[in-house]
Amino acid sequence: MQLTQIGRTGRDSFAEMRQLQTEMNRLFDNAGVFPAVQVYPPVNLWIGDSSVVVTAELPGLSAEDVDLTIREDVLTMRGERRQAEEAEHAGWHRRERPYGTFSRTIGLPFRVDPDRVQAKFENGVLEVEMQRPEADRPRKIAINGK
Amino acid sequence: MAQEMTTTAKREVTPAERGEVTRSTVVYRPDTDIYETEDHVVLVADMPGVAPADVDVNLERRVLTIRGHVHRQAHDGYRRVHAEYGEGDYERVFTLSEEIDRDRIEASHKNGVLTLKMPKAESAKTRKITVKAA
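So the protein lines, in turn, are chains V and C. So that you can map any letter, position 131 of the first sequence is 124 in our numbering, and since no number is skipped, the others follow by simple counting. So that you can map any letter, position 99 of the second sequence is 439 in our numbering, and since no number is skipped, the others follow by simple counting.
Here you go:
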């Protein structure tokens, strides 16, 4: 073994300094992408010719766990995310998944027909497709020329 | 309940954390719960949009890697007007402690949630010691 100053004192202050620097960098790196808090669940909205699709990420829930209501141009989704019963008395190492009751109201770009709604739940993603009522659709009007 | 439930935006995995990949998709870090019961360490990860067949759990020595591949939903004839979450793959790496019986790990995936049940090795289980009155 090479006997250097470091070897004798058993401490490498430069290594400690480098480690500190790495940790500081990591701290500041994260500050830039610090997650913004938003309401639950996060949704995406898609618009077609005469319909609108709302998708929401609700991992762990299934069709029975979510209440959907539609009134005019407002969609409301309600439900609860529970944690496993055994987890209540467990020792936690990490807890990042949100849980609790949620209620989210989404304003749609137009009125929808509550009788023609299709909702499906696949792998924790809810997809609701809603149609614009016939009467509300924009109509093309032919112009009569003389 | 009056308290409003909030969530944090999905966190993207930075290239510095994982090296470059061949497939050009966004990769997210799944939100994960880890808790310990008497006999198990349980890992629960949210991977919405991932089908059970597209989950990949890999254990190499002590490094546990979980991956989920998302098939992007095609919305033909639609345009996205509002987006609060992105679609992409999931990946996260954990280092397991020695106290886990790595041969008997059970993995299940349901409704976009991956659950790994990792039994504690016999030597790591807590033992109750009875105290005898002298």
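Beta carbons: idealized from backbone N, C-alpha and C, even for Gly.
### Message
Could you compute how far the alpha carbon of Thr161 of chain V sits from the alpha carbon of Asp5 of chain V?
### Response
Outside the shown range of chain V (-6 to 139) lies residue 161 of chain V, about which nothing can therefore be said.
### Query
Since Ala112 of chain V meets chain C, which of its residues come closer than 7 Å, beta carbon to beta carbon?
Here the question's residue 112 of chain V lines up with position 119 in the first sequence. Under the 7 Å cutoff, chain C gives no residues; its nearest Cβ is about 14 Å from Ala112 of chain V.
### Query
Buried or exposed: Asp42 of chain V, going by 16 or more other Cβ atoms within 10 Å of its Cβ?
Indexing the first sequence from 1 puts residue 42 of chain V at position 49. Result: exposed.
### Query
Per DSSP, Thr405 of chain C forms a beta bridge with which residues?
As a working mapping, residue 405 of chain C is identified with position 65 in the second sequence. As computed with DSSP, Thr405 of chain C is found in a beta bridge with C:Asn398, C:Val433.
### Message
Short of 7 Å in beta carbon distance, which residues of its chain neighbour Ala461 of chain C, apart from the five on each side in sequence? Order them along the chain.
### Response
The residue you call residue 461 of chain C lines up with position 121 of the second sequence. These residues qualify, in order along the chain: Glu439, Ile440, Asp441.
#### Entry: His380 of chain C (DSSP reduced to helix, strand or coil)
On the second sequence, residue 380 of chain C is found 40 positions in, with the first residue counted as 1. In the structure shown, His380 of chain C falls within a strand segment according to DSSP collapsed to helix, strand and coil.
### Message
Do Thr98 of chain V and Val67 of chain V have their beta-carbon atoms positioned less than 7 Å apart in this structure?
### Response
Taking the first sequence and counting its residues from 1, the one referred to as residue 67 of chain V is at position 74. Taking the first sequence and counting its residues from 1, the one referred to as residue 98 of chain V is at position 105. Their beta carbons are under 7 Å apart, which means Val67 of chain V touches Thr98 of chain V by this criterion.
### Task
Buried or exposed for Gly100 of chain V, please, with buried defined as at least 16 other CB atoms from any protein chain shown within 10 angstroms of its CB.
Sequence index remark: in the first sequence, residue 100 of chain V carries index 107 (1-based). Looking at its Cβ environment, which holds fewer than 16 other Cβ atoms inside 10 Å, Gly100 of chain V is exposed.
### Query
Who pairs with Asn37 of chain V in a beta bridge, going by DSSP?
Counted from its first residue, the first sequence places residue 37 of chain V at position 44. Answer is V:Thr48, C:Ala423, bridged to Asn37 of chain V.
#### Entry: Assigned secondary structure, Ile134 of chain V (DSSP; H/G/I helix, E/B strand, else coil)
Translated into positions along the first sequence, residue 134 of chain V becomes position 141. It is coil, neither helix nor strand.
### Task
Spell out whether any CB of chain C is found under 7 Å from the CB atom of Glu79 of chain V.
Mapped onto the first sequence, residue 79 of chain V falls at position 86. Output row for Glu79 of chain V: interface = yes.
### Task
With a 10 Å radius around its C-beta and 16 neighbouring C-beta atoms as the bar for buried, classify Ala83 of chain V as buried or exposed.
Here residue 83 of chain V refers to the residue found at position 90 when the first sequence is read from its first residue. So Ala83 of chain V counts as buried.
### Message
Beta-carbon within less than 6 Å of Trp39 of chain V's beta-carbon, same chain only, minus the 5 sequence neighbours each way: which residues are those?
### Response
The residue given as residue 39 of chain V occupies position 46 in the first sequence. Cβ within range, chain order: Val46.
### Message
Does the distance between the C-beta of His449 of chain C and the nearest non-hydrogen atom of the ligand GDP fall short of 6 Å?
### Response
This structure lacks the ligand GDP, and indeed carries no ligand of any kind.
### Message
Would Glu79 of chain V and Thr372 of chain C qualify as a contact pair, given that the criterion is a beta-carbon distance under 7 Å?
### Response
As a working note, residue 79 of chain V is residue 86 in the first sequence. As a working note, residue 372 of chain C is residue 32 in the second sequence. Against a cut-off of 7 Å, the Cβ pair of Thr372 of chain C and Glu79 of chain V comes out as no contact.
### Query
Expressed to the nearest angstrom, what Euclidean distance is found between the alpha-carbon atoms of Glu446 of chain C and Arg467 of chain C?
In the second sequence, counting from the first residue as 1, residue 446 of chain C sits at position 106. In the second sequence, counting from the first residue as 1, residue 467 of chain C sits at position 127. A direct Cα-Cα distance of roughly 24 Å separates Glu446 of chain C from Arg467 of chain C.
### Task
Would you tell me roughly how many angstroms separate the C-alpha atoms of Val471 of chain C and Arg87 of chain V, rounded to the nearest one?
As a first step, residue 471 of chain C is located in the second sequence; it is residue number 131 there, counting from the start. As a first step, residue 87 of chain V is located in the first sequence; it is residue number 94 there, counting from the start. If you take the alpha carbons of Val471 of chain C and Arg87 of chain V, they lie about 34 Å apart.
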